[in-house]
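For the sequence shown, the positions run 1 to 191 when the UniProt record's numbering is used.
Accompanying notes for the structure given below.
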Amino acid sequence: MIEIPSDLHKDLVPLAFLLGNWAGAGVHDFPGAEKCNFGQEVAFTHDGRDFLEYRSHTWVLDGDGNKVRPLESEHGFWRVDAGRKVEVTMTRDDGVIEIWYGELAEGKPQIDLVTDAVARTAASRPYSGGKRLYGYVKSDLMWVGEKQTPEVELRPYMSAHLKKVVTPEEVERWAKALPDDLPDDGIAFFK
1 MIEIPSDLHK
11 DLVPLAFLLG
21 NWAGAGVHDF
31 PGAEKCNFGQ
41 EVAFTHDGRD
51 FLEYRSHTWV
61 LDGDGNKVRP
71 LESEHGFWRV
81 DAGRKVEVTM
91 TRDDGVIEIW
101 YGELAEGKPQ
111 IDLVTDAVAR
121 TAASRPYSGG
131 KRLYGYVKSD
141 LMWVGEKQTP
151 EVELRPYMSA
161 HLKKVVTPEE
171 VERWAKALPD
181 DLPDDGIAFF
191 K
């Protein structure tokens, strides 16, 4: 269910499907780096201004799905204009700062992004750009990232399937919004 908060800046309504806390798992695979499964927590929040704040933390998972160690962290800001063009500024924990541009797909909650500018610190690993695709599919958030370095052509390197994290307060609010005349057996409701 996509919910549009009443205090969301009007320009951000097309990005409302991103809002909330998300958690899930994915796969990381890039030449020169460890191939692994990873866990991820993502938050898209707003404070009434014309951008979404984005935070992502990933960690390596062992064969049993337990956290082993941090993998990557990102922090950024997402904006969209009246023409459905999206811009993202992002900082990564490895010393990379990126500017991404893209657009919302027509008629579906999907965003294609491409790096426009990359700045790196001296300590960061080689990186020259990337692409990302985010999609809201059956109430889940899915994404795939591609990257390139001076030595490796653009190729997929990370993808994840995330579920919305629901707080007890949200469940209570939804329960209060249910109609009073629900069938008492619970089954008739689904017929």
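Where a beta carbon is used, it is the ideal one built from N, C-alpha and C, also for glycine.
Which residues DSSP lists as bridging residue i, in chain order
i, result
"P70", "W59"
"A43", "N21, R55"
"K176", "Beta-bridge pairing links K176 to no other residue."
"P14", "Answer is none; P14 lacks a bridge partner."
"residue 192", "This structure cannot speak to residue 192, because the chain is shown only from 1 to 191."
"D112", "E103, L133"
"residue 197", "There is no way to answer for residue 197, as the model of the chain reaches only from 1 to 191."
"G65", "G65 is not bridged to any residue."
"G76", "Y54, M90"
Residue i vs residue j beta-carbon contact at 9 Å
i, j, result
"A160", "A25", "yes"
"G130", "K147", "yes"
"A123", "G95", "yes"
"H9", "H57", "no"
"H75", "R49", "no"
"M158", "V27", "yes"
Opening and closing residue of the beta strand (DSSP E) in which residue i lies
i, result
"I2", "No beta strand (DSSP E) contains I2, which DSSP labels as neither H nor E."
"Y134", "129–137"
"E98", "96–104"
"K156", "A small fix is needed here, since residue 156 is Pro in this sequence, not Lys. That run of the beta strand (DSSP E) goes 155–164."
"T89", "85–92"
"L8", "Element bounds for L8: n/a, residue is neither H nor E."
Nearest-angstrom beta carbon gap, residue j and residue i [assumed within contact, 8 Å]
i, j, result
"R84", "F51", "Actually they are not in contact, since the Cβ atoms of R84 and F51 sit about 15 Å apart, beyond 8 Å."
"F30", "L61", "So it is not a contact: roughly 17 Å between Cβ atoms."
"L141", "W22", "5 Å"
"S128", "P150", "6 Å"
CA nearest to the CA of residue i, picked from the options
i, options, result
"V88", "K67, D112, G95, E72", "D112"
"M90", "D81, F77, A82", "F77"
"V137", "K163, G145, V42", "K163"
"W100", "V86, R55, E3, G48", "V86"
"E98", "S139, R132, L141", "R132"
"L12", "K35, L104, V68", "L104"
"L19", "A33, G32, P126, I4", "I4"
"V165", "V42, A117, V114", "V42"
"D93", "T121, D81, E106, D64", "T121"
"G32", "A82, E72, R173, V152", "V152"
"E34", "F44, P70, E53, K176", "P70"
"V144", "P168, A117, D81, Q40", "Q40"
"S139", "Q110, P126, A119", "Q110"
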